[in-house]
Each structure stands twice: as C-alpha cells, then as structure tokens.
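Engineer:
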Amino acid sequence: MTTLTIDIGGTKLAAALVDADLQIRERRELPTPASKTADALREALKALVEPLSSRAKRVAVASTGIIREGSLVAINPQNLGGLMHFPLVQTLEEITGLPALAVNDAQAAGWAEYHAIAGEIRDMVFITVSTGVGGGVVSNGKLLTGTGGLAGHLGHTLADPRGPVCGCGRVGCVEAIASGRGIAAAAQDELAGCDARTIFARAAEGNVQARGLIQHSAQVLARLIADVKAITDCQRVVIGGSVGLAEGYLGQVQHYLAQEPSVYHVELSAAHYRHDAGLLGAALLAHGER
Ligand code: ADP
Ligand code: BMX
Ligand code: ZN
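Quick note: the sequence shown, position 60, residue 60 per full-length UniProt numbering, numbers continuous.
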C-alpha cells in the first residue's frame, strides 16, 4: 500500500510516496511558511501534497511539536513563528480525503533509525539538531511516545542555568543553545542575523566566532548525550537534522563526549537515512511496524 509521507519541520516541509519496499519516491520540499499562521501552514501543505495524494492510500505525518490526539501542540512556539496549535490529522484528511496518522518528527526518525540497526541493538536514542533539538527514544525495542506525546523532548533539558531563555519558557535549555536557531541567536557583530547554515559556511572559511558557536553547540550536545546515557543506558546515539549532519559536527560532539568519564561514553553515528529519517519513520509507523 502506498503511503503519502510528510515531514513538517520548523524550517522545511518535505513529502514523498513510500511503498512497502520503503523506497522514497517523488520527494518534494517547500520552506515552512514564513508567516506561520494555521492558514499559511494549511495552504503550504496543500501545495506540497497535491501532486502526490491521488496515488496514495493513506497519509503518515512526522511533525515538529508534541503530537496529541492528532494535533500539533508546540512546546517551543518560536520554532513555528508563534504557531501554538494545528489540527494536523484533520487538516490532512480534509486536503487529501485519505486516512491520516501523525507522530512527532524526532520520534518518527528515531523509529526509522532503529529499524536500520535493529538486531544488534535494543536501546537507541535519536537526536535531531535542526531548527530545534528533538529526540526519539527506543527502549527495549519500543518507541517511547509518552501518554501526552512529550517523551523524548531532549532539547528541553537543562544545559546552562545562566543560558538564554528558551521558547518553551525554561531557562537554559539545550535547544536554546545547540539548535540551528540557538546558534543563530548567539551570533554577534559580523555574523549577526546569519542563519546556522551561513555560520557553518563562515566556520569553514576560518571565522573564529563561527567556529566558537559551533563548538559550543557540539559541547552542549555531548553533555546531553552523557545525560541520555545515564538515563537510558542506550547502546547507540544516532544524530540527524541539518546541523547534526553538517560536515565536521559529529566529530566535534565525539571529541567532547570523549572528555566525559568513560561510563557516559556511547557509540555515536550519523543518521543512516540522513534527511529522510522522519519521512520513513512515519511511513513505518503507518505500516504498523512497531
Ligand atoms: P527542520 O528543522 O525544518 O527539520 P533542518 O533539519 O534542515 O530542518 O534544520 C534547519 C536548521 O539547519 C536551520 O537552522 C538551518 O540554518 C540549518 N542548516 C540547514 N542546512 C545546513 C547546513 N548545510 N549546514 C549547517 N546547518 C544547516
Ligand atoms: C522542538 C519541538 C519538538 C521537535 C524539535 C525538533 C516544537 C514546535 N517543536 O523542540 O517537538 O521535535 O523542536 O524539531 O515545539 P525540528 O523542527 O527542528 O525538526
Ligand atoms: Zn526549552
């Protein structure tokens, strides 16, 4: 059965068709709308899926935000330009006329990445470093979603009590420092107003401030991974998202993790499915492979 699979992030929207063979076909991408009202998101989703939906039998959505009873509830509304709530399943069922299911983007990506390595490992944590910092925890072969959808929101654990205020309302969350938005928000002087992608490009050219911002993100992420190891005793941490997959980033995280006591060390790898992990994970969950 063909699934129309959709990934909604704070920066980009992606969609594709996935068959039982799990091959991604006809992948399309659009920017997440800049105005970010519910109407703008609805129109962007319509434009994204229109060329694909007639060939699918169902819809599977991986989305940023806490997914509760089919709706998106932002924990950090700033990542969606202030959008707090969006009826995901209802909107996609109306647009496509197909049955839909929705799951958090990092939980979905974690599930796909677990599939890529299952057999060897039963406990794995996926972390996306993207617009925000999200997580998907697989414990003893089961994906944790939580009764309210909050499980795995690792970006909202404490990195620095003197750090910046996070859009979720806490002070010093990992996400407020390590995410693409966090990196960009800390940029000053010649880098003020640059996005994370530009900051990575400046770092590659040797810009000292850009290098420092990326190092700080990698250091905060390594400390988070040590915490995650202490909580879950996972055998693998998989890193995704455009910041997480950027050249050189994982190596820096490895460097800082190696400075922690050895009990907190855990094998790190880059997402096997790269930028498609969320799309594939949602499709797998729709296939009932859970
Ligand atoms: P989303 O959060 O929508 O899932 P991404 O995973 O692409 O999307 O993450 C978006 C963040 O990643 C933005 O902060 C953007 O500036 C940054 N980014 C995008 N491309 C790159 C890149 N090549 N290198 C480093 N950062 C990037
Ligand atoms: C935020 C939160 C998470 C999400 C994570 C990564 C919102 C809107 N999102 O912590 O639910 O998994 O960002 O999202 O509150 P991404 O957009 O960076 O992929
Ligand atoms: Zn937070």
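By construction, the Cβ of each residue, glycine as well, lies at the ideal position given by its N, Cα and C atoms.
Count the other CB atoms within 10 Å of the CB of V165; is the residue buried (16 or more) or exposed (fewer)?
Structural biologist: The count along the sequence shown starts at 1 and reaches residue 165 at position 165. Around the CB of V165, fewer than 16 other CB atoms lie within 10 Å, so the residue is classed as exposed.
Engineer: With a threshold of 6 Å on Cβ separation, who are the neighbours of N207 within its own chain once the five nearest residues in sequence on each side are excluded?
Structural biologist: Looking up residue 207 in the sequence shown gives position 207. Excluding positions up to five away in sequence, the list is empty.
Engineer: CA-CA distance, L257 and Q219?
Structural biologist: Taking the sequence shown and counting its residues from 1, the one referred to as residue 257 is at position 257. Taking the sequence shown and counting its residues from 1, the one referred to as residue 219 is at position 219. If I take the Cα positions, the gap works out to 8 Å.
Engineer: Could you compute how far the alpha carbon of F200 sits from the alpha carbon of D276?
Structural biologist: Here the question's residue 200 lines up with position 200 in the sequence shown. Here the question's residue 276 lines up with position 276 in the sequence shown. Near 21 Å, if we compare the C-alpha coordinates of D276 and F200.
Engineer: Strictly by DSSP, which residues pair up with G136?
Structural biologist: Against the sequence shown, residue 136 aligns to sequence position 136. G136 is bridged to F126.
Engineer: Leaving out the 5 sequence neighbours to the left and right, which residues in its chain are closer than 7 Å to G278 when beta-carbon positions are compared?
Structural biologist: By one-based count along the sequence shown, residue 278 stands at place 278. Excluding positions up to five away in sequence, the list reads D7, A62, D105, A108, A109.
Engineer: Quick one: Cα of A44 to Cα of T91, how far?
Structural biologist: Here residue 44 is taken as the residue at index 44 of the sequence shown, counted from 1. Here residue 91 is taken as the residue at index 91 of the sequence shown, counted from 1. Answer to the nearest angstrom: the Cα atoms are 12 Å apart.
Engineer: Terminal residues of the continuous alpha helix (DSSP H) containing G240?
Structural biologist: Residue mapping note: residue 240 aligns to position 240 of the sequence shown, counting from 1. G240: not part of any alpha helix (DSSP H); member of the beta strand (DSSP E) spanning 236-240, first to last residue.
Engineer: Answer yes or no: do Q209 and L191 have a C-beta to C-beta separation smaller than 8 Å?
Structural biologist: As a first step, residue 209 is located in the sequence shown; it is residue number 209 there, counting from the start. As a first step, residue 191 is located in the sequence shown; it is residue number 191 there, counting from the start. Their beta carbons are under 8 Å apart, which means Q209 touches L191 by this criterion.
Engineer: Can you find the residues in the same chain that come closer than 6 Å, C-beta to C-beta, to L280, ignoring five residues on each side of it along the sequence?
Structural biologist: Position 280 of the sequence shown, counted from the start, is the residue given in the question as residue 280. A112, Y273, listed in sequence order.
Engineer: Does V61 come out as helix, strand or coil in the three-state DSSP assignment?
Structural biologist: Here residue 61 refers to the residue found at position 61 of the sequence shown. In the structure shown, V61 sits in a strand (DSSP, three-state: E or B).
Engineer: Flag D19 as yes when its Cβ comes closer than 7 Å to any non-hydrogen atom of the ligand BMX, and as no otherwise.
Structural biologist: Numbered from its first residue, the sequence shown carries residue 19 at position 19. It does not: the Cβ of D19 is nowhere closer than 7 Å to a heavy atom of the ligand BMX.
Engineer: If we call anything under 8 Å between Cβ atoms a contact, is E29 one with L52?
Structural biologist: Along the sequence shown, one-based indexing puts residue 29 at 29. Along the sequence shown, one-based indexing puts residue 52 at 52. Not closer than 8 Å, so no.
Engineer: Would you tell me roughly how many angstroms separate the C-alpha atoms of L4 and D189, rounded to the nearest one?
Structural biologist: Numbered from its first residue, the sequence shown carries residue 4 at position 4. Numbered from its first residue, the sequence shown carries residue 189 at position 189. Cα to Cα, the separation comes out at about 44 Å.
Engineer: Which term fits H156, buried or exposed, when burial requires 16 or more other beta carbons within 10 angstroms of its beta carbon?
Structural biologist: In the sequence shown, the residue the question calls residue 156 occupies position 156. Per the 10 Å Cβ criterion, buried.
Engineer: Using the three-state DSSP reduction, which class does R162 fall into: helix, strand or coil?
Structural biologist: Along the sequence shown, read from residue 1 onward, the residue named residue 162 stands at position 162. Correct three-state label for R162: coil.
Engineer: Using 7 Å as the cut-off, classify the Cβ of N76 as near or not near the heavy atoms of the ligand ZN, replying yes or no.
Structural biologist: Counting from 1 along the sequence shown, the entry for residue 76 is found at position 76. Indeed, a heavy atom of the ligand ZN lies less than 7 Å from the Cβ.
Engineer: Roughly how far, in whole angstroms, is the beta-carbon of V174 from the beta-carbon of L101, given that I think they are within contact range, below 8 Å?
Structural biologist: Within the sequence shown, the letter at position 174 stands for residue 174. Within the sequence shown, the letter at position 101 stands for residue 101. The pair is not a contact, with the Cβ atoms about 28 Å apart (cut-off 8 Å).
Engineer: In angstroms with no decimal places, state the Cα-to-Cα distance between A34 and Q78.
Structural biologist: Along the sequence shown, read from residue 1 onward, the residue named residue 34 stands at position 34. Along the sequence shown, read from residue 1 onward, the residue named residue 78 stands at position 78. Cα to Cα, A34 sits roughly 12 Å from Q78.
Engineer: Taking just the CA atoms, how far does L41 sit from I95?
Structural biologist: Taking the first residue of the sequence shown as position 1, residue 95 is located at position 95. Taking the first residue of the sequence shown as position 1, residue 41 is located at position 41. Roughly 12 Å between the two C-alpha positions.
Engineer: Below 8 Å between beta carbons: does that hold for I177 and D160?
Structural biologist: Stepping through the sequence shown from its first residue, residue 177 is reached at position 177. Stepping through the sequence shown from its first residue, residue 160 is reached at position 160. Closer than 8 Å, so yes.
Engineer: Looking only at its chain, what residues have a beta carbon closer than 8 Å to the beta carbon of R68, apart from the 5 residues adjacent to it on each side?
Structural biologist: For the purposes of this step, residue 68 is taken as the residue at position 68 of the sequence shown. Around R68: G148, G149.
Engineer: What's the gap between the Cα of V243 and the Cα of S179?
Structural biologist: Along the sequence shown, read from residue 1 onward, the residue named residue 243 stands at position 243. Along the sequence shown, read from residue 1 onward, the residue named residue 179 stands at position 179. One C-alpha to the other measures close to 7 Å.
Engineer: Please list, in chain order, all residues of the same chain as V59 whose beta carbon is under 6 Å from its beta carbon, the five residues on each side excluded.
Structural biologist: Translated into positions along the sequence shown, residue 59 becomes position 59. So the qualifying residues of the chain are L4, L92, T96, L98, A100.
Engineer: Alpha carbon to alpha carbon, what distance is there between H287 and V138?
Structural biologist: For the purposes of this step, residue 138 is identified with residue 138 of the sequence shown, where counting begins at 1. For the purposes of this step, residue 287 is identified with residue 287 of the sequence shown, where counting begins at 1. In a straight line, the C-alpha of V138 is about 18 Å away from that of H287.
Engineer: Output the boundary residues of the beta strand (DSSP E) element that contains K12.
Structural biologist: Locating residue 12 in the sequence shown gives position 12, counting from the first residue. Counting along the chain, the beta strand (DSSP E) containing K12 begins and ends at 12-18.
Engineer: List, from N- to C-terminal side, the alpha helix (DSSP H) runs of 4 residues or more that fit wholly inside the segment 179-225.
Structural biologist: 180-185, 196-204
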